[in-house]
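**Q** My questions will all concern the structure given below.
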Amino acid sequence: MSESSTPTSPATAMRAPLSGLQYAAVGSVAGMFEVCVQQPMMYIKNCVQQSRPMSFHPLVMYRGVGVMCASIAPVSAVQFAVDGVLTTSLRAADVPSSEGSRILTAATAGVCSSLLSSPAELVMTLQQHTGHGVQRTIQDVTAAHGVRRLYRGLPYTCLREMIWCASYLALGPVLGEKLHAHFPETFGDAATASLSQRGAAAMGGSIGAGLIAVLATQPVDTVKTIMQGNALDKNALGLVGETRRLWAQGGIRSMYKGTIPRGVRLIGAVFILSETKKILEDQCHRYYAAPAAVAA
Numbered sequence: 001m002s003e004s005s006t007p008t009s010p011a012t013a014m015r016a017p018l019s020g021l022q023y024a025a026v027g028s029v030a031g032m033f034e035v036c037v038q039q040p041m042m043y044i045k046n047c048v049q050q051s052r053p054m055s056f057h058p059l060v061m062y063r064g065v066g067v068m069c070a071s072i073a074p075v076s077a078v079q080f081a082v083d084g085v086l087t088t089s090l091r092a093a094d095v096p097s098s099e100g101s102r103i104l105t106a107a108t109a110g111v112c113s114s115l116l117s118s119p120a121e122l123v124m125t126l127q128q129h130t131g132h133g134v135q136r137t138i139q140d141v142t143a144a145h146g147v148r149r150l151y152r153g154l155p156y157t158c159l160r161e162m163i164w165c166a167s168y169l170a171l172g173p174v175l176g177e178k179l180h181a182h183f184p185e186t187f188g189d190a191a192t193a194s195l196s197q198r199g200a201a202a203m204g205g206s207i208g209a210g211l212i213a214v215l216a217t218q219p220v221d222t223v224k225t226i227m228q229g230n231a232l233d234k235n236a237l238g239l240v241g242e243t244r245r246l247w248a249q250g251g252i253r254s255m256y257k258g259t260i261p262r263g264v265r266l267i268g269a270v271f272i273l274s275e276t277k278k279i280l281e282d283q284c285h286r287y288y289a290a291p292a293a294v295a296a
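According to full-length UniProt numbering, numbering within the sequence shown proceeds without interruption in unit steps and concludes at 296.
Here it is in C-alpha cells:
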C-alpha cells in the first residue's frame, strides 16, 4: 500500500517511542477497560452462536468477566507491545512507515497473542455454559482431555486475532486518517480538527474497520466458539469436522450466526481500544517528558 498522505504533527513525529513494557502496560489497561464495557455483547454473541437461551440478568451476562479481564490484560499487552516494538524497529531501520507496514505489524501481533487468548476464551465460554468457576472449569477440561484441550480451536483463533489486530491497531486509525484527508470540510484537517471532528473521524474509521473485521472473521469465530463450547464432550468433532457439520446445517447463514451482536461489539472495540491507546500513550509521553524538561 502507499504511504499515508495524512500529515503528522511535529510533536507526535519528534517524541521518542515508548518501550516494550510501556506499550504492554497501555495495552493491559485498554484491554481490560474494553472487556468491562462490552462483556454483555460477548455473552449475547456466544449464546446466539451456540443456540443457547440467554438471560439479561447482569450477574449472568458478566459471568466469566474475571477470567476475561485476567486474560485480556496479557493478551492486549502482547498485542500492543509486539506492534509497538516492531514499529519502532522498522523506524530504526529507516523503513518508511506505510499503511501496509502498519497493518502487517498489527497482524503479527495478533498471531502472537492468540496463544494466550485461545485457552482463556475456551474457559470463559465453558463458564457461561456450566456456571462453574475458573479453577473448576480448567480442572474439568484437563482431567478429561489433558492440557492440550485448552487450545481447542487454536488455528481459527490465530486467524481471527490476526485480522482483528490488523483492524483495530492499524486499519481503524488509517481509515480515520483517510476521512481527515479526503473530507476536510466535514472531519477537518488531521492537525487542526476540533475534538468533535476527531471523534467523528475516529468513529467512522472504527465502523469501517469493525465491519471488515466481523465479515472477514465471523465464520471462523462461529466454529471456534462452538468447538470451545463443546470442549468437554468426549466425541466432539475436530476443526474440519465441526466446520463441515455447521455448513451442512445451514450453509453460509449458519456460519454467520451472531453477526449482529459481534459486529456491534467489534465496532465498539475498535473505537474504545484505538482511542484509549492514543490517550494512554499521550499520558505516558507527558509523564516521562516532564522530568526531562525540568532537568533541562
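Cβ atoms here follow ideal geometry from the backbone N, Cα and C, with glycine treated the same way.
(1) Of the choices 61, 270, 96, whose alpha-carbon is the least far from that of residue 124?
(2) Helix or strand or just coil, what does DSSP make of residue 88?
(3) Which runs of the beta strand (DSSP E), 3 residues or longer, sit entirely within the UniProt repeat "Solcar" (97-178)?
(4) Near residue 266, what residues of its chain come up, given a Cβ to Cβ distance below 6 Å and the 5 sequence neighbours on each side ignored?
(5) How would you call residue 161, buried or exposed, if buried means at least 16 neighbouring beta carbons within 10 angstroms?
(6) Evaluate residue 272 with the Cβ neighbour count: other Cβ atoms within 10 Å of its Cβ, from every protein chain shown; 16 or more gives buried, anything less gives exposed.
(7) What did DSSP end up calling residue 57 once you bin it into helix, strand or coil?
(8) Using only the alpha-carbon positions, how far apart do residue 82 and residue 117 sit?
(9) At which residues does the alpha helix (DSSP H) containing residue 254 begin and terminate?
(10) If we count the other Cβ atoms within 10 Å of its Cβ and call it buried at 16 or more, is residue 279 buried or exposed?
(11) Look up residue 51 in the DSSP assignment and say whether it is helix, strand or coil.
(12) Looking at C-alpha atoms only, which residue of 77, 111, 69, 119 is the closest neighbour of residue 229?
(13) Under 8 Å: do the stretch 72-80 and the stretch 14-33 share three or more Cβ pairs, one atom per stretch?
(14) Helix, strand or coil: how does DSSP classify residue 46 here?
(15) Just mark residue 36 as buried or exposed, buried being the case when its beta carbon has 16 or more other beta carbons within 10 Å.
**A** Checking against the coordinates, here is how it stands:
(1) 61
(2) helix
(3) none
(4) 210, 213, 214
(5) buried
(6) buried
(7) coil
(8) 15 Å
(9) 239-255
(10) exposed
(11) coil
(12) 119
(13) yes
(14) helix
(15) exposed
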